[in-house]
Structure formats: structure tokens, C-alpha cells
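Participant: This is the structure, below, for whatever I ask next.
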Amino acid sequence: MFENKEPNLIYNQERFIKPNDFQNLLPDEVFDNYEQPELFSSRFVLEPITDSHKLELYHFFSELERHHFIPLEPPTLEQQEKRCARWVTRRSPDGEELWLNWAARDKQNREIVAHIQSRMTRDRSASIGYVVGQKYQKKRVATECLEVVFLYLEKILQVKEIKAWSDVRNKASHRVAKKLGMVQVELNKSVDFFNGTTTDEYVFSKVINQSGSTLTPFVTK
Ligand SMILES: CC(C)(COP(=O)(O)OP(=O)(O)OC[C@H]1O[C@@H](n2cnc3c(N)ncnc32)[C@H](O)[C@@H]1OP(=O)(O)O)[C@@H](O)C(=O)NCCC(=O)NCCS
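Residue numbers (the numbering used here): 20 to 240.
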């Protein structure tokens, strides 16, 4: 087991490649051999989504309140089954991007509390999306889960930039993005139309300076 000294980033996958190994790997090798790891925070286990999550995720998405800021439609069980099957590949349909999906599970009550998605291109640019279950919102779930995902993207996959897109009215999401060190870089007007109105969105970005950075030493636990 490898533990990062910074909070909350722990791997217990012995098969998982160690961070220093990545420096010498070509992107193709990284992409071709990629396995998405389980991540841990103090309260949650972030599980790479597999077919076995389909029923729980179907309930998770069905129970979400219809959201004013994102066009979230509850999936049917069949749709969720298809999504899980697609996510298991960890790749975009054209194979050119890593598509990572985690279900965050509460360690205490074993319920799924959040879904987190990140896409990464071969040039090491990543995007992030996140949804927290209704009854778990405003309990720092998004912040805690995304902190470990950001550490993973930055330290292990060594991404250069992480971006998030968020409706201009979505204050909670802006707050989460800022707490993760992102800054607002763009405003896109009239990007979508739902709930009877056009929506504008902010683009948030965190640029990570990998040049000259030394990876935090990992210790065996
Ligand atoms: C956005 C979302 C992921 C936040 O999840 P969460 O677990 O509640 O977030 P956290 O508790 O970690 O942090 C929320 C922060 O926003 C603040 N906040 C919440 N509602 C707010 C509001 N209406 N106005 C301003 N700030 C607000 C909270 O106080 C907290 O900040 P703090 O820690 O400084 O007090 C959740 O509301 C959600 O799933 N929304 C629907 C999906 C969505 O919008 N996803 C983002 C699309 S990019």
C-alpha cells in the first residue's frame, strides 16, 4: 500500500504503477496499460465504476432532484446498465481519451454518495464533472472526494490542466471549484437550453506546473 503524505490519497492496489514510473513512460504506454485505481479519503472509498454498480447508480441518479442548473435526466435501469458497460472500458468510444468514472461510497453506511467523472486527453488535459446525492449535499462530500481525485490527476497522471464547466447560477459548484484551486477563466453564453431558458456557463481551470516538480514521496504503509 502506498500512502501520499498529503491528506487523503491512498492506494492499496499493489499492481498499480508507482508515480515515478510514469515519468519515463510514453503516453501510448500509459494509455494502453491504464487501470483505474480505487481511491480513498477519510470518509469515502472512490470505486472505479463497473457493471456491478448499475443498480445502485440507477437508484442514485433516480433519487436526484431535478436540477435547475444541469440537464440531468434520471436514466432507466437499461440506460444505466449501458452506461456502466461503456464506463468499464475507461476509454472514449474512439479510444483517444481516458474516461474515468468513480462512485464514492460512504465507509460507514456503505451508500453511494457521489458520482465523479474525469476525462483526460493524451496531451494530459483533464476535465471534471461531479454530482452529489441529494441528502449528502452541503456536507463537504464533493470537496473531500474531488481533493483525492485532483491529487490523483496531478501527481499520478501528471495532468497539466483540469477544467470544469458550470452554469453561472450554480453557486455551490463554483464554491467547490474554487476550494479545489480552480479559477474562472471563461464565460460561455447560451450554451444550452432547458427548463425553458438558455443557460450561460463559466469555465473553471486549474493549471498544474509539472515542470521541475518533484513528486511527493510515497511511503509504504
Ligand atoms: C455542486 C455539488 C456537487 C456540491 O456538492 P457538495 O457536496 O454539497 O459540496 P461541498 O459541501 O463540498 O461544498 C459546497 C460549498 O458550496 C457552498 N454552497 C452550497 N450552496 C450554496 C449556495 N446556494 N450559494 C453559495 N454557496 C453555496 C457550501 O457552503 C460549501 O462551501 P463551504 O465549504 O465554504 O461552506 C452538489 O450541489 C451537486 O451535486 N449539485 C448538482 C450537480 C451539479 O451541479 N454538479 C456540478 C456541475 S459542474
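Ideal Cβ placement from N, Cα and C applies to all residues, glycine included.
Can you give me the Cβ contacts of residue 226 inside the same chain, cut-off strictly under 8 Å, excluding the 5 residues immediately before and after it?
Facilitator: Around residue 226: 179 and 180.
Participant: Does DSSP put residue 60 in a helix, a strand or coil?
Facilitator: If DSSP states are grouped into helix, strand and coil, residue 60 belongs with coil.
Participant: Counting pairs of beta carbons, one from the region 100 to 113 and one from the region 153 to 173, are three or more of them closer than 8 Å?
Facilitator: Contact between the region 100 to 113 and the region 153 to 173 is absent, because fewer than three Cβ pairs lie under 8 Å.
Participant: Out of curiosity, what's the CA-to-CA distance linking residue 211 and residue 52?
Facilitator: Residue 211 and residue 52: Cα-Cα distance of roughly 36 Å.
Participant: Residue range of the beta strand (DSSP E) that residue 144 falls in?
Facilitator: First-last of the beta strand (DSSP E) with residue 144: 144 to 151.
Participant: Taking Cβ positions, are residue 120 and residue 99 nearer each other than 7 Å?
Facilitator: No, these two residues do not count as a Cβ contact at 7 Å.
Participant: Return yes when the C-beta of residue 221 is under 6 Å from any heavy atom of ligand 1, and no when it is not.
Facilitator: No; taking the cut-off as 6 Å, the Cβ of residue 221 has no heavy atom of ligand 1 nearer than that.
Participant: In whole angstroms, give me the CA-to-CA distance for residue 89 and residue 83.
Facilitator: Roughly 11 Å between the two C-alpha positions.
Participant: Terminal residues of the continuous beta strand (DSSP E) containing residue 221?
Facilitator: Residues 216 to 226.
Participant: Tell me the residue span of the beta strand (DSSP E) that contains residue 132.
Facilitator: Where residue 132 is concerned, the enclosing beta strand (DSSP E) stretches over 131 to 140.
Participant: When DSSP builds the beta bridges, which residues end up paired with residue 203?
Facilitator: Beta-bridge pairing links residue 203 to 223.
Participant: I'd like to check one pair, residue 69 with residue 107: are the Cβ atoms closer than 7 Å?
Facilitator: Yes, Cβ-Cβ distance for residue 107 and residue 69 is below 7 Å.
Participant: Which residue from 190, 61 and 197 puts its Cα closest to that of residue 223?
Facilitator: Ranking the options by Cα distance to residue 223, first place goes to 197.
Participant: Just checking residue 62 against ligand 1 - is the residue's beta carbon closer than 6 Å to any of the ligand's heavy atoms?
Facilitator: Outside the cutoff, so no.
Participant: Compare the C-alpha of residue 122 against each of 101, 93, 80 and 92 and name the closest.
Facilitator: Answer by Cα proximity: 80.
Participant: Would residue 55 pass as a contact of residue 143 if the rule is Cβ separation under 7 Å?
Facilitator: No, the pair does not count as a contact, with Cβ atoms beyond the cut-off.
Participant: Kindly indicate which residue of 145, 72 and 64 has the alpha-carbon position closest to the one of residue 118.
Facilitator: Measuring from the Cα of residue 118, the nearest candidate turns out to be 145.
Participant: Any idea which residues DSSP pairs residue 92 with across the strands?
Facilitator: Its beta-bridge partners do not exist; DSSP assigns none.
Participant: Using C-beta distances below 7 Å, list every residue in its chain close to residue 153, excluding the 5 sequence neighbours before and after it, in chain order.
Facilitator: Result list for residue 153: 82, 83 and 84, in chain order.
Participant: Kindly list the residues whose CB is nearer than 8 Å to the CB of residue 200, restricted to its own chain and excluding five residues on each side of it in sequence; keep chain order.
Facilitator: Cβ within range, chain order: 169 and 225.
Participant: To which residues of the same chain is residue 77 closer than 6 Å at the C-beta, ignoring the five residues directly before and after it?
Facilitator: For residue 77, where only same-chain residues beyond five positions count, the Cβ hits under 6 Å are 96 and 99.
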